[in-house]
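As structure tokens, the structure follows; a few thoughts come after it.
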Amino acid sequence: MAQITKKNEKSAYLFILPFVLMFVIYKLYPMIYGFAVSFLDRNSTKKLSSIDFVWFKNYINVLTSKTFWETLGRSFYFAAVYTVFVMFFGFLFGVLFNNEFKGRKIVRTMFYMPYVTNIIAIGIVFKYLLNPTKGPINAIFRLFGQVGPKWLSSPTMALPTAAVIGAWLALAFNIITVLAALQEIPKDLYEVAEIEGVSFTQKLWYIILPMLKPALFMLLTITVINSFKSYTTIVGLTAGGPGTSTRTLSYQIYEDAFTYMKFSIASAEGVLLTILIVMINNALNKVRDLWGNN
């Protein structure tokens with residue numbers, strides 16, 4: 003019996019070995035390397051042997067840079083629009099799709115398709131749809147004698163437009179999670195509510211929301227983290243433009259590293275972004291604990 007157990011343990015280790023190797027190579031090593039580089043003067047293509055250790059100089063340069071604070075502000079703006087859209091409509095459609103109606107499977111599939119579609123391809127499609135002169139969206143405005151907005155070419159419209167499109171791409175995950183959580187609510191609660199003659203609003207407030215609290219806080223955490231990492235959405239839609247109006251911190255990190263070859267500056271920005279996300283996550287956990295105690 004002991005031999006069988008040892009064989010099973012070895013088999014289990016063999017199964018998880020590929021994951022551990024991939025994690026070490028593609029996650030752990032880059033994190034440690036990036037953190038180390040943030041303390042070096044590697045802001046050019048010069049040889050590694052001629053690079054000096056500069057302590058916190060890169061962090062000081064980043065924190066005293068106007069560009070960093072501007073991109074951080076845009077990141078918060080993007081995150082706010084993205085998070086509100088994903089959380090509100092993810093919950094709303096999750097509750098609606100939990101009901102029986104004709105074509106429910108087709109509608110669910112349509113909402114899931116953007117989640118598994120290439121973001122760059124979606125960016126090309128939306129660039130056409132939102133083209134201010136040739137796009138079909140603004141053509142509808144012209145039918146009513148109105149001039150449509152410059153969705154992706156206006157400095158004021160581009161960032162919120164990109165955030166809403168990015169949120170639409172991520173919506174399916176929240177809908178599916180809410181649907182799964184709704185299945186866990188005991189049907190007895192609904193039956194009692196119907197006997198008592200409560201309204202849908204009361205059912206939503208006193209049954210659905212309290213029961214979905216853990217799932218919603220989990221989704222909120224994931225959504226906020228993803229909102230600060232939304233690099234591909236910006237690349238696919240605006241490439242940081244027009245001007246610098248959609249240049250978020252995640253996009254700036256990529257630009258500093260692979261366009262301007264400022265590897266140490268980009269690493270310092272990445273570390274600061276990670277610290278920011280951890281702080282936001284801790285704040286959300288405290289809010290969840292306080293809400294849970296009430």
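Position in the sequence shown counted from 1, then plus 2, gives you the numbering used here.
Just so it is clear, CB atoms sit at the ideal spot from N, CA and C, and this is done for glycine as well.
The structure presented is a predicted model; accordingly, all values stated were derived computationally and were not measured.
Per DSSP, the bridge partner or partners of Phe55: Leu42
Close Cβ partners of Tyr114 (< 6 Å) along its chain, the five nearest in sequence each way excluded: Ala174
Integer-rounded CB distance, given that Arg44 should sit under 8 Å from Leu161: Actually they do not touch by this definition, with Cβ atoms about 31 Å apart.
Asn176 classed as buried or exposed, judged by whether at least 16 other C-beta atoms fall within 10 angstroms: buried
Beta-carbon spacing of Pro138, Leu145 below 8 Å: no
From Thr240, Tyr253, Phe99 and Ser266, residue whose alpha carbon lies closest to that of Lys129: It is Thr240 whose Cα lies nearest to the Cα of Lys129.
Stretch pair the region 225-235 + the region 79-98: three plus CB contacts closer than 8 Å: yes
Ordered list of alpha helix (DSSP H) runs contained in the region 232-289, each at least 4 residues: 233-239 and 251-260
Ala141 versus Trp153 - alpha carbon distance: 13 Å
Buried versus exposed, by CB contacts within 10 Å (16 or more), Asn335: One cannot answer for residue 335 here, as it falls past the ends of the chain, which runs 3 to 296.
Segment contact, 8 Å Cβ cut-off, at least three pairs: the region 276-291 with the region 259-266: no
Arg249, buried or exposed, once every other Cβ within 10 Å from all chains shown has been counted against 16: In this structure Arg249 is buried. Its beta-carbon is surrounded by 16 or more other beta-carbon atoms within 10 angstroms.
First and last residue of the uninterrupted alpha helix (DSSP H) at Glu198: Lys189 to Glu198
Nearest-angstrom beta carbon gap, Ile236 and Gly245 [assumed within contact, 8 Å]: Wrong, their Cβ atoms sit about 13 Å apart, outside the cutoff.
Cβ-based neighbour list, Lys231, same chain, cut-off 7 Å, excluding 5 preceding and 5 following: Ser252
Whole-angstrom C-beta distance between Leu275 and Val64, which should lie under 8 Å: Val64 to Leu275, Cβ: 10 Å. No contact.
Short Cβ contact (8 Å threshold) for Ser269 with Ser40: yes
Element boundaries [alpha helix (DSSP H), containing Lys104]: Careful: Lys104 lies outside any alpha helix (DSSP H) and carries neither H nor E.
For Phe80 and Ala165, believed in contact at Cβ under 8 Å, the rounded distance: 5 Å
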